[in-house]
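Q:
2 protein chains.
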Amino acid sequence: MTQTPSAKPRQTASKPASAAAGARKAGRGPAKTDMAGIAAVDGAADVEQRIYQSVFDGVLNQRLPPGTKLPEPALCALFGVSRAVVRKVLQRLEHDRIVELRPNRGAVVAAPTPEETRKIFEARRALEAALVELAVQRHSGKDIEELHALLHQEEEAMANAYQPAWAQTARNFHLRVAALGGNPILLAYLTELISRCSLIVALYEPAGNAACEHEEHCDIVDAISKGDAKRAVASMNAHLVGLEERICLERPSSVKTLAQMLNLA
Amino acid sequence: MTQTPSAKPRQTASKPASAAAGARKAGRGPAKTDMAGIAAVDGAADVEQRIYQSVFDGVLNQRLPPGTKLPEPALCALFGVSRAVVRKVLQRLEHDRIVELRPNRGAVVAAPTPEETRKIFEARRALEAALVELAVQRHSGKDIEELHALLHQEEEAMANAYQPAWAQTARNFHLRVAALGGNPILLAYLTELISRCSLIVALYEPAGNAACEHEEHCDIVDAISKGDAKRAVASMNAHLVGLEERICLERPSSVKTLAQMLNLA
DNA sequence: TTTCTTCAAATCGTCGACGATTTCATGAGC
DNA sequence: GCTCATGAAATCGTCGACGATTTGAAGAAA
Chain B
1215 MTQTPSAKPR QTASKPASAA AGARKAGRGP AKTDMAGIAA VDGAADVEQR IYQSVFDGVL
1275 NQRLPPGTKL PEPALCALFG VSRAVVRKVL QRLEHDRIVE LRPNRGAVVA APTPEETRKI
1335 FEARRALEAA LVELAVQRHS GKDIEELHAL LHQEEEAMAN AYQPAWAQTA RNFHLRVAAL
1395 GGNPILLAYL TELISRCSLI VALYEPAGNA ACEHEEHCDI VDAISKGDAK RAVASMNAHL
1455 VGLEERICLE RPSSVKTLAQ MLNLA
Chain Z
1215 MTQTPSAKPR QTASKPASAA AGARKAGRGP AKTDMAGIAA VDGAADVEQR IYQSVFDGVL
1275 NQRLPPGTKL PEPALCALFG VSRAVVRKVL QRLEHDRIVE LRPNRGAVVA APTPEETRKI
1335 FEARRALEAA LVELAVQRHS GKDIEELHAL LHQEEEAMAN AYQPAWAQTA RNFHLRVAAL
1395 GGNPILLAYL TELISRCSLI VALYEPAGNA ACEHEEHCDI VDAISKGDAK RAVASMNAHL
1455 VGLEERICLE RPSSVKTLAQ MLNLA
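First to last, the sequence lines map onto chains B and Z. Mapping of the first sequence onto the numbering used here: position 37 corresponds to residue 1251, and the numbering continues sequentially without gaps. Mapping of the second sequence onto the numbering used here: position 252 corresponds to residue 1466, and the numbering continues sequentially without gaps.
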C-alpha cells in the first residue's frame, strides 16, 4: 500500500513458518492492547518486511494510535514467527522513530511532541531545500516530464478525495523531486523524515485542503524546469511552512487526542 | 576514547555475564580473520556499547581494515556474551554503515567506494551549511566562548602531533558548532556522516596538515560570532571541500589498499 | 473509603541448540 | 598443470526456554 521506507535485501530461508500466519481472530481475548486489523495481507513475501509494513500502515491509518502497546508475543502469534524476528523488526521500527522501545517495558507506538514536530519540520525544510537546489542543477528534460505525470496523477487523486491515497501521491512527489538531487544519503534521511511527517499529519488529520498543496507542487516543478534555484527553494520552503502551520493550528482540540488518552493505560 | 555516535539508554540487567570478558589470547588459532586488539577495555559498563565502541575504534585506528570479517562466534568469545547480543550490535553497526551485513555470509567492515565518498561529503556539506546557518541565528555569547576553548584545545593537540587525538578534537569542533543549530535530528544525521567521514579519512591517512584546518575552524567561529551567515556558510563549505580534495588526491596509491586486498579473500 | 503491601500474571533480556547455507580444502578427471 | 566435483568445517537464521523485571490487581490496615 505505501512505499518502503527502509528496504533491505534479506532472504531468510529455512522453515515453513506459514503456520499461524493469517490468524487474526475477531473476538480478542483478555489482552488490553487493541491491535485489531494489523495482519492485513499474508502473501508469501518477506516476513520481516510484512511485519514492518503492517505496523507502519497501521500507524498511518490511525488504527494504531500513539501509545498503543505492541507486545512481542502478540506479534509473534499474529505473524507466526518467533520473537527473534519480531524483535529485529521492532529494533528497525525504533530506529525509524515509529515505535519507542522502553527497556524491559515493551514497545509502544511513538507519540511525537509538539517540540519534536517543530524540529522534524525544520529538519525537513533544510533537507528539501538542499535537495531542490541540487535538483535544479542536475535535472534533465525527461525528469520534468515524469514530474508532470506525477502532478497529473495528483489531480486525479484529488478528484477522488480519498485522503490516504492523496497523501500517498503527495509523498511520492516530494520523494521524486528529492531523487533528482542525485544524493542517496540525503534522500534516505529525507525519506525517514517524510515518513515521520506523514505519521504526524495522520494524527492531526488536516482535513485535506489538497487543492492549494497541488498548486504549490506545480509551482515548484515550474521553478525547477526553468532552472531558477532561488525560486524553487523559496517555493518549497513556503510549501512546507504552510503544511506545518496547517497542522499546528489543528493541534489543540481534535477528538483524536482524547481517544489516545482512553487508549493508553 | 571517542565519543558515542548513537547513544542509547539500555539497562540490560540480569546475569553476571563477566565470564570470558577480557579474553584476548595472544596466539590466535586457525581462524583467518585478524581481529587482534579489539577488546581493549573491560569495564563494568554496558556491554553492547562496549562492543560497538570497540569495533568503531578498531576501524578508526586501522586495526580493522575494510573487508575484515567479523564472525559472530569470535565476537561472542571475545566479549563473553551470546550471539543475540552480538547480533543486535551488528545490526546497529550496519545501520550506521560501519559494517556491511551480507545475508548468510556474515559481517564485514564497510569499504566506501569513491562514489560513495563523494556523496557522503556532499551530504555533509549540505547538512553543515544548514546547521551553521541556524547556529548563526541562535548562538549566544557563552557558546562562542566555548568554541574558543575548543579552538585552544585544538592548538594543544596540534602541538602534540598525535593524529588520532587531533582528529578527535576536530570532530568535536564540528559537532559542537552543529549543536548550536539547536536541531537534534539534523545533529544526529550529521553525527552519522562525520563518523563515516572519519572512517574514510582514517583509510586514506591524510598525513595531517592540521595547521590550515585549524585556521579554517577559527575563521568559521569568527564568522558565527559576528553574525555573518553568508560568510560562515561559505567558510564551512570551503573547509569541507578542502578536506575532501586532500583525501581524493591521496586516494590512488597508498599502501593501505594493497593491505586490504591481502586481507580479503 | 483510601492507601499501602503482597503476590501472581505478563512481558522482556539472554542463552544454548538445531537446521540451512556458505565456504574452503581435498582429490578426481582432462 | 589446471579445472571441476565432492565433502567437511565454519557460519548464519531461527527457534524454544529460563530467569529477571515490570505490571496490575487483590487484600489488609488506617
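Positions of the beta carbon are idealized from the N, C-alpha and C atoms, including for glycine. This one's a predicted model, so the numbers in the text were calculated from it and none came from an experiment.
So, with DSSP's three-state summary, where would you put R1316(B)?
A: As a position in the first sequence, residue 1316(B) is number 102, starting the count at 1. The answer is strand: DSSP assigns R1316(B) an E or B state.
Q: Is K1239(Z) buried or exposed, if buried means 16 or more other CB atoms sit within 10 Å of its CB?
A: As a first step, residue 1239(Z) must be located in the second sequence, where it is residue number 25. Because the pLDDT at K1239(Z) is just 30, under 50, the model does not fix this residue reliably, and the point stays unresolved.
Q: When the Cα atoms are used, what is the spatial distance from A1325(Z) to Q1263(Z)?
A: Numbered from its first residue, the second sequence carries residue 1325(Z) at position 111. Numbered from its first residue, the second sequence carries residue 1263(Z) at position 49. Their backbone Cα atoms lie some 23 Å apart in a straight line.
Q: Looking only at C-alpha atoms, which of L1407(Z), E1369(Z), N1318(Z) and I1461(Z) sits nearest to A1392(Z)?
A: For the purposes of this step, residue 1392(Z) is taken as the residue at position 178 of the second sequence. Considering only alpha carbons, the answer is L1407(Z).
Q: In this structure, what does DSSP give as the bridge partners for A1321(Z)?
A: Position 107 of the second sequence holds residue 1321(Z). BP columns for A1321(Z) point to L1284(Z) and L1315(Z).
Q: Short of 8 Å in beta carbon distance, which residues of its chain neighbour I1358(Z), apart from the five on each side in sequence? Order them along the chain.
A: Reading the second sequence from its first residue, position 144 is the one you call residue 1358(Z). The residues are V1435, I1438 and S1439.
Q: What three-state label does DSSP hand V1415(Z) in the structure shown?
A: On the second sequence, residue 1415(Z) is found 201 positions in, with the first residue counted as 1. Note: V1415(Z) maps to helix in three-state DSSP.
Q: Could you give the DSSP three-state label for V1295(B): helix, strand or coil?
A: Residue mapping note: residue 1295(B) aligns to position 81 of the first sequence, counting from 1. In this structure, V1295(B) counts as coil in the three-state DSSP scheme.
Q: When the cut-off is 7 Å and only beta carbons count, does E1336(B) lie next to chain Z?
A: As a working mapping, residue 1336(B) is identified with position 122 in the first sequence. At least one chain Z Cβ lies under 7 Å of E1336(B).
Q: Quick check on G1395(B): does DSSP put it in helix, strand or coil?
A: Here residue 1395(B) is taken as the residue at index 181 of the first sequence, counted from 1. Three-state result, G1395(B): coil.
Q: How is H1353(Z) classed by DSSP in three states: helix, strand or coil?
A: Taking the first residue of the second sequence as position 1, residue 1353(Z) is located at position 139. Note: H1353(Z) maps to coil in three-state DSSP.
Q: Just to confirm my understanding: we take R1339(Z), look at its own chain, exclude 5 residues before and 5 after, and list those with CB closer than 7 Å. What are they?
A: Residue numbering aside, residue 1339(Z) sits at position 125 when the second sequence is read from its first letter. So the qualifying residues of the chain are N1451 and L1454.
Q: By a C-beta neighbour count over all protein chains shown, 10 Å radius and 16 as the cutoff for buried, is G1355(B) buried or exposed?
A: Here residue 1355(B) is taken as the residue at index 141 of the first sequence, counted from 1. Under this definition G1355(B) is an exposed residue.
Q: Using a Cβ-Cβ distance cut-off of 7 Å, determine whether I1408(Z) contacts chain B.
A: Along the second sequence, read from residue 1 onward, the residue named residue 1408(Z) stands at position 194. So, not an interface residue.
Q: Buried or exposed: which applies to H1362(B), given that a residue is buried once 16 or more other Cβ atoms fall within 10 Å of its Cβ?
A: Taking the first sequence and counting its residues from 1, one reaches residue 1362(B) at position 148. Exposed, because fewer than 16 other Cβ atoms sit within 10 Å of the Cβ of H1362(B).
Q: What's the C-alpha gap between D1310(B) and K1302(B)?
A: As a working mapping, residue 1310(B) is identified with position 96 in the first sequence. As a working mapping, residue 1302(B) is identified with position 88 in the first sequence. Answer to the nearest angstrom: the Cα atoms are 13 Å apart.
Q: Y1376(B) CB to nearest chain Z CB: under 7 Å?
A: Along the first sequence, read from residue 1 onward, the residue named residue 1376(B) stands at position 162. Closer than 7 Å: no.
Q: Ignore the nearest five residues each way along the sequence and tell me which others in L1413(Z)'s own chain have a CB closer than 8 Å to its CB.
A: For the purposes of this step, residue 1413(Z) is taken as the residue at position 199 of the second sequence. So the list reads V1273, L1274, I1312, A1324 and P1326, once near-sequence residues are dropped.
Q: Quick test of the definition: if touching needs 3 or more C-beta pairs under 8 Å, does the stretch 1333-1352 of chain Z touch the stretch 1332-1349 of chain B?
A: Counting Cβ pairs under 8 Å, three or more are found: they touch.
Q: Counting only the same chain and skipping the five closest in sequence on each side, list residues whose C-beta sits under 6 Å from that of I1265(B).
A: Within the first sequence, the letter at position 51 stands for residue 1265(B). Hits under 6 Å: F1293 and V1303.
Q: Evaluate Q1351(Z) with the Cβ neighbour count: other Cβ atoms within 10 Å of its Cβ, from every protein chain shown; 16 or more gives buried, anything less gives exposed.
A: Position 137 of the second sequence holds residue 1351(Z). Exposed.
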